[in-house]
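What follows is a short report on a single structure.
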Amino acid sequence: MIFLWPWLLLLFLLVPLLIGPYILMLRRKRKFAVRYASVALIREALPRYARWRQHLPFALFLTAVALLTMAVARPAAQIEVPLSRTSIILALDVSRSMCNVDVPPNRLTVAQEAALGFIEDQADGTQIGIVAFAGFAQLVVPPTTDKEILKEAVESFTTSFGTAIGSATLESIDAIATINPDIQFSGVDLSDVENELLAQDAYVPDIIVLLTDG
Numbered sequence: 070m071i072f073l074w075p076w077l078l079l080l081f082l083l084v085p086l087l088i089g090p091y092i093l094m095l096r097r098k099r100k101f102a103v104r105y106a107s108v109a110l111i112r113e114a115l116p117r118y119a120r121w122r123q124h125l126p127f128a129l130f131l132t133a134v135a136l137l138t139m140a141v142a143r144p145a146a147q148i149e150v151p152l153s154r155t156s157i158i159l160a161l162d163v164s165r166s167m168c169n170v171d172v173p174p175n176r177l178t179v180a181q182e183a184a185l186g187f188i189e190d191q192a193d194g195t196q197i198g199i200v201a202f203a204g205f206a207q208l209v210v211p212p213t214t215d216k217e218i219l220k221e222a223v224e225s226f227t228t229s230f231g232t233a234i235g236s237a238t239l240e241s242i243d244a245i246a247t248i249n250p251d252i253q254f255s256g257v258d259l260s261d262v263e264n265e266l267l268a269q270d271a272y273v274p275d276i277i278v279l280l281t282d283g
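Throughout the sequence shown, residue numbering follows my numbering, covering 70 to 283 in sequence.
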């Protein structure tokens with residue numbers, strides 16, 4: 070713990086300084102008290118708790134002064150809060166085959182529902198991007214933490230011809246690389262078919278979720 074205004078902790082010196090006047094006040098009260106022949110008789114007449122109960126208000130007062138002094142010094146603590154730095158790309162197949170109704174109502178709708186549920190389940194602060202692919206891949210939503218934008222994009226998909234899974238993967242990697250310095254851009258021209266195959270160590274993958282029928 071640290072104090073933003075540590076010099077105010079000097080106010081703690083007031084605590085012992087207040088004890089002196091309190092003791093002096095007690096002594097003065099004794100001078101005006103009625104004198105009894107036997108002090109022992111007085112002690113026997115008073116309950117045991119009465120002996121310390123008279124000092125309780127002053128003790129509470131000193132405690133309040135100490136706590137107030139600590140408060141005005143503005144105590145602070147540095148706490149490490151875990152922050153999600155995960156970047157996820159949802160790559161959704163929007164080819165014509167996704168219109169098949171073997172899975173009711175159709176494959177695309179089921180994939181959209183799965184994507185919406187996946188987005189909703191992610192922790193706040195997780196950056197998610199969306200890639201749609203059919204004959205070619207396209208980054209629809211760059212990585213963002215805005216779940217509403219992501220959901221709107223998923224719900225607005227329409228189908229097209231082709232299924233370019235390889236292009237979708239590379240497009241997803243490039244999308245992650247824009248926000249994660251540990252990820253290298255694929256460096257591949259997606260129009261060049263010969264460059265579709267990359268060496269296994271050509272890039273460091275993050276998280277890519279493919280929703281496709283194959």
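Every residue, glycine too, gets a C-beta built ideally from N, C-alpha and C.
As DSSP reads the structure, Gln196 sits in a beta bridge with Ser156. No Cβ-Cβ contact shorter than 8 Å links Thr213 with Ile188. Ile277: member of the beta strand (DSSP E) spanning 276-280, first to last residue.
Under the Cβ criterion (8 Å, minimum of three pairs), the stretch 121-133 does not count as touching the stretch 193-211.
Within the same chain, Cβ atoms closer than 8 Å to the Cβ of Val163 are found at Leu177, Ala201, Phe202, Ala203, Phe226, Thr227, Thr228, Ser229, the five residues on either side in sequence being excluded. Under DSSP, the beta-bridge partners assigned to Leu161 are Ala201, Leu280. Closest in alpha carbon position to Phe205, among Ala222, Leu161, Ile218, Gly89, is Leu161.
Taking each of Ile242, Ala222, Arg96 in turn and checking the Cα distance to Ala184, the smallest one comes out for Ala222. In the three-state scheme derived from DSSP, where H, G and I count as helix and E and B as strand, Gln191 is classed as coil.
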